[in-house]
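First the structure, in the form of structure tokens, and then the observations on it.
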């Protein structure tokens with residue numbers, strides 16, 4: 099019988115010399131390509147139109163019959179990077195889309211190479227315990243008590259969903275002795291209501307729709323002049339529920355709204371939740387990073403009273419996507435997620451004290467994302483971390499002040515609570531400021547000079563700076579404000595809009 103020769107060793111990392119050498123060569127090639135590409139990416143975006151990038155991608159070969167040299171593949175990957183958003187650039191300031199820390203990038207290499215799966219102990223062993231230690235450390239930073247717990251998640255969407263899922267199931271259990279896991283929704287489920295501010299993240303409504311309650315179960319509370327939940331309107335709506343025989347079961351507070359970075363009055367909301375028997379969930383996907391801030395930590399007062407908390411690490415903790423966490427004040431409430439599979443997390447393992455993290459998650463297979471945060475906190479240090487966050491918040495305050503001094507800029511949140519500024523450029527000759535700012539947004543992107551956000555406030559178009567990059571300085575912002583002013587004037591002088599050739603050619607607009 100002919101001997102079959104294994105020709106696959108060079109494709110995998112393993113204990114043999116061929117696997118180790120192949121891994122080093124592969125990583126070195128990728129490292130060089132990334133570093134060389136970063137040298138070429140001098141602007142936050144290449145300026146190409148969506149259609150031209152789509153055509154480029156459609157022209158790429160997606161697979162090969164017998165394999166090809168990695169260097170040839172990396173040439174196409176380089177094209178992808180050159181036509182991608184350069185999130186590390188100092189004027190890429192549109193979204194809560196952070197530049198990742200170098201220790202976290204190193205951690206990604208370890209995570210991918212070891213490929214631990216965080217569902218069962220026999221797929222993650224040491225990683226299981228490190229994640230648990232990180233969760234407990236974070237619980238203490240948030241001010242939660244000893245019986246708190248949590249789990250790493252893919253981000254705010256999943257964490258908010260988990261908070262409302264557990265809130266729903268706990269309420270049904272207490273109110274009707276009803277097990278939603280086994281029986282589905284109870285007959286009176288149409289009476290259930292969730293309260294949040296009008297500025298809360300869209301995933302509150304999305305979660306309600308996925309939980310079988312429907313978007314109409316979410317009642318939005320008015321906001322005050324600082325875009326925070328109005329306690330007066332909250333009390334009014336709670337009185338209305340009683341008269342209409344409705345059953346509010348959850349109150350969602352936002353710690354860092356997407357547009358304005360506003361922080362709801364968490365302490366007062368916690369009191370109201372307790373008085374009315376509501377589960378208090380705090381969406382701190384954005385603002386949770388203030389646990390590391392020296393100057394702004396006080397803004398989190400009241401978060402320790404929450405029943406559940408969302409925190410994202412791929413925002414102001416500067417971690418690569420995806421990396422978030424969900425926290426529970428009472429770890430016993432994870433029982434509403436618990437399922438046992440004989441092959442994965444049998445009940446006898448739990449009785450013997452073996453830890454399977456799948457018992458705390460809506461995910462099964464899950465990455466070892468805790469390692470990224472561990473390596474970052476150790477390598478960077480808590481004090482520098484805090485200084486980075488504080489710098490971005492101070493930069494937002496400086497930016498707002500500068501806009502008001504320059505004139506021509508209307509700032510919606512002149513005293514920013516976090517590091518987001520919502521504004522627009524206004525000119526006395528402009529007939530339509532919404533159209534003007536849409537053109538500015540488009541021109542800045544397709545000239546490659548800056549990636550700004552565009553949003554809507556009370557039916558009008560505004561621009562937004564999300565200043566989460568600690569490398570961005572007030573000098574960078576001043577130069578950008580000058581460009582926006584000049585561009586706005588240029589657009590007005592040339593008929594109020596850019597033509598197609600100017601929009602796609604990255605021409606000088608001044």
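In our numbering, the protein residues as written are 99 to 608. Ideal placement from N, C-alpha and C gives every residue a C-beta, glycine not left out.
Positions of the beta strand (DSSP E) runs, each at least 3 residues long and wholly inside the stretch 380-423, are given as 406-410 in order along the chain.
In terms of Cα proximity to residue 385, the closest of 484, 116, 507 and 150 is 484. Comparing alpha-carbon positions, the option among 105, 198 and 114 lying closest to residue 569 turns out to be 198. By the criterion of a C-beta distance shorter than 7 Å, residue 332 is surrounded in its chain by 293, 319 and 370, once the five residues flanking it on both sides are discounted.
With respect to the C-alpha of residue 247, the residue from 413, 157 and 236 having the closest C-alpha is 236.
Going by beta carbons, residue 228 and residue 469 fall inside the 8 Å limit. Residue environment for residue 547: buried (at least 16 other C-beta atoms within 10 angstroms of its C-beta). Nearest to residue 440 by C-alpha distance, out of 454, 359, 461 and 433, is 454. For residue 581, the number of other beta carbons within 10 angstroms of its own is at least 16, and it is reported as buried. Take the alpha-carbon of residue 192 and the one of residue 541: they are about 14 Å apart.
Separation of the CB atoms of residue 434 and residue 267 is rounded to 4 Å, and the pair is thereby assigned contact status at 8 Å. In the DSSP assignment, residue 252 falls outside any beta strand (DSSP E) and carries neither an H nor an E.
When C-alpha distances from residue 368 are compared across 377, 360 and 361, the shortest belongs to 377.
One Cα belongs to residue 513, the other to residue 396, and the distance between them is close to 17 Å. For residue 393, the closest of 372, 490, 343 and 270 by C-alpha to C-alpha distance is 490. Given a length threshold of 4 residues, each whole run of the alpha helix (DSSP H) inside the stretch 273-356 is given here in chain order: 278-281, 301-308 and 329-341. For residue 591, the enclosing alpha helix (DSSP H) has its first and last residue at 572-591. About 5 Å separates the beta carbons of residue 181 and residue 151, which is inside the 8 Å limit, making them a contact pair. For the options 502, 443, 534 and 477, the alpha carbon positioned closest to that of residue 462 is the one of 443. Per DSSP, reduced to three states, the secondary structure at residue 247 is strand.
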